[in-house]
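J.: Following this message is one structure expressed as structure tokens.
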Amino acid sequence: MNTYANGQSLPLQATNNNTLLYQVKVLSTLLALAVCIRIFVAYRYEINWDEFFYLSFVYKYTNDTLYNSLQTFHVHFFIWLKWISANEVSQIIAARLIMLSLQLGTGIFIYRISRRYFSLPAALFSVLAYFSVSYNIRMGASFRADPLATFCLMASLDLILSTVLNFKRSLLAGGLFALSLMVTIKSSLYLPTFALIAMALIIFPGKEKLDKRQIAIFISSTIGAFLLLYFYHKSSISVADSTKAINTLSDSFNKTIKHSGFLPRNRYLFYSFKFDIIYWLTLVYGFKILCLNLYSPKSSARQSTVILISLILPLCSVLFYRNAFPYFYSFMLAPASIICGVAWNSLRWDKHKFKESFCIAFFVLFFMGLSIVYHGFWVPHKQNLDRQHKLLEVVHKAFPEPTSYFDRCSMIASYPQVGFFMSTWGVENYTNNNLPILNSAIINDTPPFFIANIGSLDFNQRTPIPSIKQYAILDKDISTLKENYIHHWGELYVAGKQLYLAETRLEFSIVIPGVYTLESKSEAVIDGHSLTPGASLYLASGDHVIEADVSGREYTLRWGKTLYRPAFQPDKSAIFTGF
Numbered sequence: 000m001n002t003y004a005n006g007q008s009l010p011l012q013a014t015n016n017n018t019l020l021y022q023v024k025v026l027s028t029l030l031a032l033a034v035c036i037r038i039f040v041a042y043r044y045e046i047n048w049d050e051f052f053y054l055s056f057v058y059k060y061t062n063d064t065l066y067n068s069l070q071t072f073h074v075h076f077f078i079w080l081k082w083i084s085a086n087e088v089s090q091i092i093a094a095r096l097i098m099l100s101l102q103l104g105t106g107i108f109i110y111r112i113s114r115r116y117f118s119l120p121a122a123l124f125s126v127l128a129y130f131s132v133s134y135n136i137r138m139g140a141s142f143r144a145d146p147l148a149t150f151c152l153m154a155s156l157d158l159i160l161s162t163v164l165n166f167k168r169s170l171l172a173g174g175l176f177a178l179s180l181m182v183t184i185k186s187s188l189y190l191p192t193f194a195l196i197a198m199a200l201i202i203f204p205g206k207e208k209l210d211k212r213q214i215a216i217f218i219s220s221t222i223g224a225f226l227l228l229y230f231y232h233k234s235s236i237s238v239a240d241s242t243k244a245i246n247t248l249s250d251s252f253n254k255t256i257k258h259s260g261f262l263p264r265n266r267y268l269f270y271s272f273k274f275d276i277i278y279w280l281t282l283v284y285g286f287k288i289l290c291l292n293l294y295s296p297k298s299s300a301r302q303s304t305v306i307l308i309s310l311i312l313p314l315c316s317v318l319f320y321r322n323a324f325p326y327f328y329s330f331m332l333a334p335a336s337i338i339c340g341v342a343w344n345s346l347r348w349d350k351h352k353f354k355e356s357f358c359i360a361f362f363v364l365f366f367m368g369l370s371i372v373y374h375g376f377w378v379p380h381k382q383n384l385d386r387q388h389k390l391l392e393v394v395h396k397a398f399p400e401p402t403s404y405f406d407r408c409s410m411i412a413s414y415p416q417v418g419f420f421m422s423t424w425g426v427e428n429y430t431n432n433n434l435p436i437l438n439s440a441i442i443n444d445t446p447p448f449f450i451a452n453i454g455s456l457d458f459n460q461r462t463p464i465p466s467i468k469q470y471a472i473l474d475k476d477i478s479t480l481k482e483n484y485i486h487h488w489g490e491l492y493v494a495g496k497q498l499y500l501a502e503t504r505l506e507f508s509i510v511i512p513g514v515y516t517l518e519s520k521s522e523a524v525i526d527g528h529s530l531t532p533g534a535s536l537y538l539a540s541g542d543h544v545i546e547a548d549v550s551g552r553e554y555t556l557r558w559g560k561t562l563y564r565p566a567f568q569p570d571k572s573a574i575f576t577g578f
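Residue numbering for the sequence shown follows numbering that gives the first Met the number 0, starting at 0 and increasing by one per position.
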């Protein structure tokens, strides 16, 4: 058992009981507001394409089509989602509530760690600072790997920094770190923090020198638990290819770190500087205090300072990590937010500095409160998920049974998606390989519909989503789409043909077999069968002939027998508006 003194480097400033109680009340009120408003965000904020994609792994697991043994461990925790609702939007809302509870747990760990070093108000402020970041308000509890991994990592840090570090805590801390790695390999970005903390505990001992055996236990339990979890997960999926896991690690490292350049997602960072300037100023000020404390002559003080400085290291990944998108901020800022408590802890509340400290605290809390309200209420109110819910409702009514399809992100997660994940990374690989994946999928899998939830798929330009060059698809694929699909409703396209008879007879081909409904103002004869407008006929794959009594007729063949479609098209709001 090892005991070391935490928090001795940051003595509390003089504070009378009334002032302390007032700070606690104000900070607790703002924290309660932040928590309540995040529930609103979970129910109302637009679902990002990543969240639909994350849900699709759960269905692949239950359908025995999951092939990747890395970064898919979450499927074991969310099998129950399919019983929540047939609509994937409702399922993701339920998953978000679980993620929200995990992030609240992360807040508790931030508080527990901060409390070992700071006053009660400063510890509460660390949590509030974390919960006030714009990206964290909107995406901190989204259905992704980040909330689960962050919870595990902060729990592990809390155990490592316990006043008493014993065998059980070292073992559990290693197990939690291993679980975070199974959830997402980017958890390795926390490794420098753990390493620097271990060095601080050894080089600058507190009451007792840290027993190096505890570090060995932590490392051993991390490796052992990771292997156990990995082989358990690998044995539970139908297609477990070891080379696939190795390739995933190699590709992820090369893409996200090795070839990412400097500040690869700088525009998101600059956005945060603009809307979260108060957070960044308190973080910088707290870090400055820690740097000055490095010169303290007390060994225990230097230990605490080095430990706190190490918490900034995950944030440094924004300098080189390709996927430092807004949802990543809740992951990298969790430990760094503890340093914000250093700034609050430095406020002096004696009679000589009370007015100055009060003005600073009021200014900081006022703007953090504004951020919570604006990003937690106004933004979700404008960028809500109503259009997404309605689209999926239409799809499930039109296709009540699981049907193959393709789209950007497996939005209908409960149905088999036959395309590819059209992220920036996915489209870049698709373009470099120069293979018409969609053309092959249409020929081989004959999907009767697709969702144009990315501009490059919307060849009729029926949605407000712009077509961006970096998401462009190959000419062969776009021509296949135009030849075999017609617009149906909103972002939904279905198999069909639009035929113009320059003469009284026209040959056409069908790639996607099924019952087709004739839409026209006049009768037609298809393969010898006379059809009136609204009549249906099964068409197999292959060549067919349509005939009319006069030339110049226009006919539409729509897949399905009077396929469900709302009477009115949806409003012009985009299905995805980005981050």
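Idealized CB from N, CA, C, for every residue including glycine.
Bear in mind that the values here come from a model prediction, so they are computed numbers and not experimental data.
#1: List, from N- to C-terminal side, the beta strand (DSSP E) runs of 3 residues or more that fit wholly inside the stretch 420–473.
#2: Evaluate Phe142 with the Cβ neighbour count: other Cβ atoms within 10 Å of its Cβ, from every protein chain shown; 16 or more gives buried, anything less gives exposed.
#3: Which class does Trp348 belong to by DSSP, given the choice of helix, strand or coil?
#4: On the three-state DSSP scale, how would you describe Ser540?
#5: Determine the direct distance from the alpha carbon of Gln70 to that of Val341, and round the result to whole angstroms.
#6: Can you tell which of Arg37, Phe124, Ala94, Tyr563 has the C-alpha that lies nearest to the C-alpha of Ala335?
#7: Just to confirm my understanding: we take Thr479, look at its own chain, exclude 5 residues before and 5 after, and list those with CB closer than 7 Å. What are they?
#8: Compute the distance between the beta-carbons of Ile216 and Phe176, then report whether it is under 8 Å.
#9: Taking 7 Å as the limit between beta carbons, can you name the residues of its chain near Ser133, skipping five residues before and five after?
#10: Starting from Ala122, trace the alpha helix (DSSP H) in both directions and tell me its first and last residue.
#11: Tell me whether Ala451 counts as near the ligand GTP, meaning its Cβ is closer than 7 Å to at least one heavy atom of that ligand.
#12: Would you call Phe269 buried or exposed, if buried means 16 or more other Cβ atoms sit within 10 Å of its Cβ?
#13: Taking Gln497 as part of the beta strand (DSSP E), name the residues at either end of that continuous run.
#14: Out of curiosity, what's the CA-to-CA distance linking Tyr563 and Val493?
#15: From the DSSP output, read off the bridge partner residues of Arg37.
#16: Is the Cβ-Cβ distance between Arg301 and Phe193 less than 8 Å?
#17: Are the beta-carbon atoms belonging to Gly104 and Phe39 less than 8 Å from one another?
#18: Do the stretch 465–479 and the stretch 528–538 meet, that is, are 3 or more Cβ pairs less than 8 Å apart?
#19: If I'm right that Arg504 touches His486 with Cβ under 8 Å, what's the distance once you round it to whole angstroms?
#20: Nearest by alpha-carbon distance to Val182: which of Ser345, Ile201, Phe225 is it?
#21: For Asn383, tell me which candidate among Leu178, Lys24, Ile46 has the shortest Cα-Cα distance.
#22: Contact defined as beta carbons within less than 8 Å: I believe Phe578 pairs with Pro325. What is the distance between those atoms, to the nearest angstrom?
#23: Could you check if Asn246 is buried or exposed, using at least 16 other CB atoms within 10 Å of its CB as the buried criterion?
#24: Pull the bridge partners of Ser316 from the DSSP assignment, please.
#25: Rounded to whole angstroms, what's the CA-CA distance from Ser586 to Ile78? Just pull it up for me.
#26: Once DSSP output is grouped into helix, strand and coil, what is the label at Glu518?
#27: Please list, in chain order, all residues of the same chain as Thr430 whose beta carbon is under 8 Å from its beta carbon, the five residues on each side excluded.
#28: What do you get for Val74, buried or exposed, if any count of 16 or more other CB atoms within 10 angstroms of its CB means buried?
#29: Suppose the cutoff is 6 Å on Cβ atoms and the five residues either side in sequence are ignored; what does the same chain contact list for Ala148 look like?
#30: Thinking Ile218 and Gly173 are a contact (beta carbons under 8 Å), I'd like their distance in whole angstroms, please.
#31: Name the two residues that bound the continuous beta strand (DSSP E) containing Ser508.
#32: How about Phe327 and Ile256: are their beta carbons less than 8 Å apart?
#33: Below 8 Å, can you find three or more Cβ-Cβ pairs linking the stretch 557–572 to the stretch 516–526?
#34: For Asp63, which of His232, Thr555, Thr221 has the nearest alpha-carbon?
#35: Does the distance from the CB of Ser316 to the CB of Gly139 come in under 8 Å?
#36: Helix, strand or coil: how does DSSP classify Ala523 here?
T.: To lay it out plainly:
#1: 448–450
#2: buried
#3: coil
#4: coil
#5: 35 Å
#6: Phe124
#7: Leu437, Asn438, Ile441
#8: no
#9: Ser271, Phe274, Asp275, Ser370, His374
#10: 119–131
#11: Annotation note on the ligand GTP: not contained in the displayed structure, which lists no ligands.
#12: exposed
#13: 491–500
#14: 11 Å
#15: None; Arg37 has no bridge partner.
#16: no
#17: no
#18: no
#19: With a Cβ gap of about 27 Å, Arg504 and His486 do not count as contacting.
#20: Phe225
#21: Ile46
#22: 4 Å
#23: exposed
#24: Ser316 pairs with nothing; no bridge assigned.
#25: Since the first and last residues shown for the chain are 0 and 578, residue 586 lies out of range.
#26: strand
#27: Ala471, Leu473
#28: buried
#29: Ser179, Val182, Thr183, Ser186
#30: 7 Å
#31: 504–509
#32: no
#33: yes
#34: His232
#35: no
#36: strand
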